[in-house]
Amino acid sequence: MKKLPFSLNPELELVVDPSLLENDEIYFNAARLDRSMVLKTSDYVAVARPCMGRIVEDRGAPPEVASPTDGMSRPC
């Protein structure tokens, strides 16, 4: 099963850590292990419309659901 950075099934929730928004660009596999693509983070959020939830723990802090900060994403 290929893992894509988009949810094409409305029954699957795409969750993205809000720390992703700290980067101007993101890189990910282009559905192949030998190819990658780059996207402006703002374009990715606009197209993917992910649920924003903290999934990466900071040292000493438990994960928690984060509020969207850009108006284009949505809370979980």
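So the sequence shown is residues 5 to 80, counted in the numbering used here. Where is the CB? At the ideal position from N, CA and C, for every residue including glycine.
Given residue i as reference, the closest of the options once Cα atoms are compared
i, options, result
"residue 34", "26, 28, 43", "43"
"residue 11", "53, 36, 26", "53"
"residue 45", "39, 58, 57, 27", "27"
Buried or exposed by the 16-neighbour rule on C-beta atoms within 10 Å, applied to residue i
i, result
"residue 31", "exposed"
"residue 37", "exposed"
Test item: CB-CB of residue i and residue j under 7 angstroms
i, j, result
"residue 55", "residue 15", "no"
"residue 83", "residue 21", "Summary: the structure shown does not reach residue 83, with the chain confined to residues 5 through 80, and so no result is reported for it."
Per-residue DSSP class, three states only, for residue i
i, result
"residue 17", "coil"
"residue 51", "helix"
"residue 40", "strand"
"residue 35", "coil"
"residue 60", "coil"
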